[in-house]
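There are 2 protein chains.
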Amino acid sequence: MSRDNSIYKDALNRSLGYVASLGLGGTLPSELELTQRLGISRTTVRAVLAHLHDIGVIDWSGRSKRVLRAPRDADYFAKEETLSTSARVETQFMEYILGGDLKPGAILHESELVRAFGASTSVLREFLIKFSRFGLIDKEPNRHWVLRGFTKDFAMELFDVRDMFEKRAFDRLLTKGKDSPAYQSLLKLEGAHREIARNIEAEYLRFPRLDEKFHRILIQDMNNRFIDDFFELVSVIFHYHYRWNKQDEQDRNLAACQQHLSVIEALRNGDDAAARAQFHGHLNAARETLLASVTWDSA
Amino acid sequence: MSRDNSIYKDALNRSLGYVASLGLGGTLPSELELTQRLGISRTTVRAVLAHLHDIGVIDWSGRSKRVLRAPRDADYFAKEETLSTSARVETQFMEYILGGDLKPGAILHESELVRAFGASTSVLREFLIKFSRFGLIDKEPNRHWVLRGFTKDFAMELFDVRDMFEKRAFDRLLTKGKDSPAYQSLLKLEGAHREIARNIEAEYLRFPRLDEKFHRILIQDMNNRFIDDFFELVSVIFHYHYRWNKQDEQDRNLAACQQHLSVIEALRNGDDAAARAQFHGHLNAARETLLASVTWDSA
DNA sequence: AATATGTTTTTTATTGATAAAGAACAATTT
DNA sequence: AAATTGTTCTTTATCAATAAAAAACATATT
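Going down the list, the protein sequences come from chains A and B.
Count the first sequence with the numbering used here and you get residues 1285 to 1583, in order.
Count the second sequence with the numbering used here and you get residues 1285 to 1583, in order.
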């Protein structure tokens, strides 16, 4: 085989949603506009239109594209099919190393992973190279990959750098003062935090996204691609790590949420010293949380 | 074709050197020992031995491996042939983007580079993915790569992070005090620095390696893989950048060398404050030097 | 028993091929 | 003329094949 048509399938699914929102008798915009709306090339847009026409959802001829019938569930492709091989491999790999009980130092053979995941060597190899930037695996040239693993060392090193970056970012925020966009964006998050804190039992699963938003505001304000990259790494690690570590999730989230609120409050009151202290406290707490959840000692 | 035999050729060249050093009538050690000495597998060691036997350099049968004649120049493979395709692509690419006059924002097509470099898609693709961690190129998914380029922004962002890391590393060094290994290692570099400074006209080309050594001591003492990774990036950037920017090379190197010496002197005298001040001054000077040599404004 | 060599099996580095997706060009329609 | 569609050409994502290199297994020497 060669390339699969997951982009087409994904675009088709999204187009069906769009068609549904237009309703019967509605008309689709020009191909160029669909191109932009879907984020794909016109070639694929046309393939999608052709299919929608074939299954009778629209009538397409020339520039007329009228909705004939509402999409049915059966018109959609399964979500699995809308993912590229590389996207699939990413998930598979993360579950493999985080879910499986591989010890640090474990040897990873491309050939073995290829068999386990049912992907081709190139896709797997390219994924491993991409992933290696996260510092969790290393390549022995001309040989195999070695899992460094999510060890205490890893977590501490990660946090030392995060600490440096975020403290610097926070100081910068304070220096720029209350009128800066980032400062204002942080203040605006108060409402969302209060909502989650007020009803933690029902809402605690929504906290991770808010957490990322909070820290991203700080990081992005630094305008530094290297810091951005590092933060992306941190996000990925946290995302996958906590998917496998559900212990005390609600308590953890509530505590962090309240720490955020303390920071925001201090900022709102213009008390820089207090804000800084609260923020540092939050980072320390986050560090402890992460370290506590690490299962492996370092190799 | 498939994989080339550059590892074999490289090992053979190195083995010829080894054989020469043994001299006539000398004997080579066991295959296992050669494996370790050459850093390759026994399979390849045996291929090398077989070749050495074939061309009459050694007599090999069973565990006896006697040197029969001194290697000749013609026995060696050309250096070009001892490089793997991926190594070759790396050099080609660096010269392409640093030497060519590509502007930031330039579009890089894998297909074009494949043609230009005479390599296969996978090798090129894998290289670009590896290289993208340096923040100089970005991928538009399902499309091409975009050269972000060595712009003022890039240099400033790079230096901001370097500043943070190195200042932190230096403070740590001071905290650990005169008896720590890193502290001592730095002091030991004084001689090498004095030699270069004394005879700068003849020796200035040796400074970059010493410079890297100096900074590496600081960085490695941090024991943090993320900081290590970043420093590797910095090294690569500097290495290639200065290969294309030879302006004032001697002056630049002398100035930096003397700054290092001031730091070392202050350390030797146990004057922490002065050492710190000199080190910060050195970083600032390095920043200015780098920024001054950037040719492109940011896109 | 430990270490070395001989032989077979597995894995990696690299290439070439191909359908899908993207981009460029040409022909229409408003 | 500008925007839209129709058509062709190029590039990318992915797979399958293969020689070189590594690893594993088996046999022979000290």
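Where a beta carbon is used, it is the ideal one built from N, C-alpha and C, also for glycine.
Owing to the predicted nature of the structure, the values given are computational and were not obtained by experimental measurement.
So that I know if they touch, is there some Cβ in chain B lying closer than 8 Å to that of residue 1575 of chain A? Stepping through the first sequence from its first residue, residue 1575 of chain A is reached at position 291. By this cut-off, residue 1575 of chain A is not an interface position.
Taking its Cβ as the centre, do 16 or more other Cβ atoms sit within 10 Å of residue 1521 of chain B, making it buried, or is it exposed? Taking the first residue of the second sequence as position 1, residue 1521 of chain B is located at position 237. Its Cβ being crowded by 16 or more others within 10 Å, residue 1521 of chain B is buried.
Given residue 1585 of chain B as reference, the closest of B/1412, B/1320, B/1307 and B/1460 once Cα atoms are compared: No answer is possible for residue 1585 of chain B: the residues shown for chain B start at 1285 and end at 1583.
Grab the span of the alpha helix (DSSP H) containing residue 1431 of chain B for me, first residue to last. To locate residue 1431 of chain B, count along the second sequence from 1; it is residue 147. For residue 1431 of chain B, there is no enclosing alpha helix (DSSP H); the enclosing beta strand (DSSP E) covers residues 1429-1431.
Would you grab the beta carbon distance between residue 1292 of chain A and residue 1328 of chain A for me? Rounded to a whole angstrom, and I think it's under 8 Å. Stepping through the first sequence from its first residue, residue 1292 of chain A is reached at position 8. Stepping through the first sequence from its first residue, residue 1328 of chain A is reached at position 44. At roughly 5 Å, the Cβ-Cβ gap stays under 8 Å, so residue 1292 of chain A and residue 1328 of chain A are in contact.
What residue does the beta strand (DSSP E) around residue 1345 of chain A start on, and which one ends it? For the purposes of this step, residue 1345 of chain A is identified with residue 61 of the first sequence, where counting begins at 1. Counting along the chain, the beta strand (DSSP E) containing residue 1345 of chain A begins and ends at 1342-1345.
Give the interface partners of residue 1591 of chain B over in chain A, defined as CB-CB distance under 7 Å, in chain order. Missing from the structure shown is residue 1591 of chain B; chain B here goes from 1285 to 1583 and no further.
Report the rounded CA-to-CA distance for residue 1515 of chain A versus residue 1500 of chain A, giving the unit in angstroms. The residue you call residue 1515 of chain A lines up with position 231 of the first sequence. The residue you call residue 1500 of chain A lines up with position 216 of the first sequence. The straight-line gap from Cα to Cα measures roughly 8 Å.
Suppose the cutoff is 7 Å on Cβ atoms and the five residues either side in sequence are ignored; what does the same chain contact list for residue 1578 of chain A look like? For the purposes of this step, residue 1578 of chain A is taken as the residue at position 294 of the first sequence. Excluding positions up to five away in sequence, the list reads 1434, 1435, 1436 and 1439.
Using a Cβ cut-off of 9 Å, pull out every chain B residue sitting near residue 1410 of chain A, in sequence order please. On the first sequence, position 126 is the one that residue 1410 of chain A refers to. Result: 1406, 1409, 1410 and 1413.
Please list the terminal residues of the continuous beta strand (DSSP E) segment that includes residue 1351 of chain B. Locating residue 1351 of chain B in the second sequence gives position 67, counting from the first residue. In this chain, the beta strand (DSSP E) harbouring residue 1351 of chain B covers 1348-1351.
Quick check on residue 1530 of chain A: does DSSP put it in helix, strand or coil? On the first sequence, residue 1530 of chain A is found 246 positions in, with the first residue counted as 1. Reduced to three states, the DSSP call for residue 1530 of chain A is coil.
Quick check: what's the CA-CA separation for residue 1464 of chain B versus residue 1571 of chain B? Working through the second sequence from its first residue, we reach residue 1464 of chain B at position 180. Working through the second sequence from its first residue, we reach residue 1571 of chain B at position 287. So the alpha carbons of these two residues sit roughly 28 Å apart.
In angstroms, rounded to a whole number, what distance separates the CA positions of residue 1363 of chain A and residue 1566 of chain B? Locating residue 1363 of chain A in the first sequence gives position 79, where the first residue counts as 1. Locating residue 1566 of chain B in the second sequence gives position 282, where the first residue counts as 1. The alpha-carbon atoms of residue 1363 of chain A and residue 1566 of chain B are separated by roughly 56 Å.
Let me make sure I understand the geometry here. Which of A/1372, A/1322 and A/1454 has the alpha-carbon closest to that of residue 1466 of chain A? Position 182 of the first sequence, counted from the first residue, corresponds to residue 1466 of chain A. Per the Cα distances, A/1454.
With the cut-off set at 8 Å, would you say residue 1388 of chain B and residue 1432 of chain B are in Cβ contact? As a working note, residue 1388 of chain B is residue 104 in the second sequence. As a working note, residue 1432 of chain B is residue 148 in the second sequence. In this structure, residue 1432 of chain B lies closer than 8 Å to residue 1388 of chain B by Cβ.
Report the CB separation of residue 1495 of chain B from residue 1419 of chain A in whole angstroms; it is logged as a contact under 8 Å. In the second sequence, residue 1495 of chain B corresponds to position 211, counting from 1. In the first sequence, residue 1419 of chain A corresponds to position 135, counting from 1. Between residue 1419 of chain A and residue 1495 of chain B the Cβ distance is about 25 Å, and since that is not below 8 Å, they are no contact.
Assign residue 1288 of chain A to one of three DSSP states: helix, strand, or coil. If you number the first sequence from 1, residue 1288 of chain A lands on position 4. In the structure shown, residue 1288 of chain A sits in coil (DSSP, three-state: anything other than H, G, I, E or B).
Can you list, in chain order, the residues of its chain whose CB lies under 6 Å from that of residue 1443 of chain B, leaving out five sequence neighbours each side? Here residue 1443 of chain B refers to the residue found at position 159 when the second sequence is read from its first residue. Same-chain partners within the cutoff: 1571.
Using a Cβ-Cβ distance cut-off of 8 Å, determine whether residue 1448 of chain B contacts chain A. Start at 1 with the first residue of the second sequence, and residue 1448 of chain B comes out as number 164. Yes, residue 1448 of chain B lies at the interface with chain A (some Cβ there is under 8 Å from its Cβ).
Can you tell me the Cβ-Cβ gap for residue 1408 of chain A and residue 1401 of chain A, rounded? I've got them flagged as a contact below 8 Å. Counting from one through the first sequence, the residue named residue 1408 of chain A turns up at place 124. Counting from one through the first sequence, the residue named residue 1401 of chain A turns up at place 117. Residue 1408 of chain A to residue 1401 of chain A, Cβ: 7 Å. Contact.
Assigned exposure category for residue 1531 of chain A - 16 Cβ within 10 Å defines buried: The count along the first sequence starts at 1 and reaches residue 1531 of chain A at position 247. Answer is exposed; the Cβ neighbour count stays below 16.
Taking only beta-carbon positions, decide if residue 1426 of chain B is within less than 8 Å of chain A. In the second sequence, the residue the question calls residue 1426 of chain B occupies position 142. So, interface residue.
Proximity test, Cβ basis, 8 Å: residue 1463 of chain B and chain A: Locating residue 1463 of chain B in the second sequence gives position 179, where the first residue counts as 1. Not one chain A Cβ lies under 8 Å of residue 1463 of chain B.
Where does residue 1339 of chain B sit, in a helix, a strand or coil, going by DSSP? Working through the second sequence from its first residue, we reach residue 1339 of chain B at position 55. Three-state DSSP puts residue 1339 of chain B in coil, outside helix and strand.
Bounding residues of the alpha helix (DSSP H) (the contiguous stretch that carries residue 1495 of chain B): Residue mapping note: residue 1495 of chain B aligns to position 211 of the second sequence, counting from 1. Its alpha helix (DSSP H) spans residues 1491-1506.
With a threshold of 7 Å, establish whether the CB of residue 1507 of chain A neighbours any heavy atom of the ligand ZN. Among the components modelled here there is no ligand, and therefore nothing to report on the ligand ZN.
So is residue 1452 of chain A in contact with chain B if we call contact Cβ pairs under 8 Å? As a position in the first sequence, residue 1452 of chain A is number 168, starting the count at 1. So, interface residue.
Report, in whole angstroms, the separation of the C-beta atoms of residue 1552 of chain B and residue 1471 of chain B, which I expect to be a contact under 8 Å. Numbered from its first residue, the second sequence carries residue 1552 of chain B at position 268. Numbered from its first residue, the second sequence carries residue 1471 of chain B at position 187. Right, their Cβ atoms sit about 6 Å apart.
Closer than 8 Å, Cβ to any Cβ of chain A: which residues of the stretch 1488-1505 of chain B, in chain order? Those residues of the stretch 1488-1505 of chain B that come within reach of chain A (Cβ to Cβ, closer than 8 Å) do not exist; the list is empty.
Can you tell me which of the three DSSP states residue 1423 of chain A falls into? To locate residue 1423 of chain A, count along the first sequence from 1; it is residue 139. Note: residue 1423 of chain A maps to strand in three-state DSSP.
For chain A, check one thing: does any of its Cβ atoms lie closer than 8 Å to the Cβ of residue 1291 of chain B? By one-based count along the second sequence, residue 1291 of chain B stands at place 7. At least one chain A Cβ lies under 8 Å of residue 1291 of chain B.
Could you say which of A/1358, A/1447 and A/1559 lies nearest to residue 1341 of chain A if we only look at CA atoms? As a position in the first sequence, residue 1341 of chain A is number 57, starting the count at 1. Nearest C-alpha to residue 1341 of chain A: A/1358.
Which whole runs of the alpha helix (DSSP H) in the stretch 1377-1422 of chain A are 4 residues long or more, in chain order? 1394-1401 and 1405-1416
Give me the Cα-Cα distance between residue 1303 of chain B and residue 1311 of chain B, rounded to the nearest whole angstrom. Counted from its first residue, the second sequence places residue 1303 of chain B at position 19. Counted from its first residue, the second sequence places residue 1311 of chain B at position 27. So the alpha carbons of these two residues sit roughly 9 Å apart.
Chain A contact for residue 1535 of chain B (CB, 8 Å cutoff): For the purposes of this step, residue 1535 of chain B is taken as the residue at position 251 of the second sequence. No, its Cβ sits nowhere closer than 8 Å to a Cβ of chain A.
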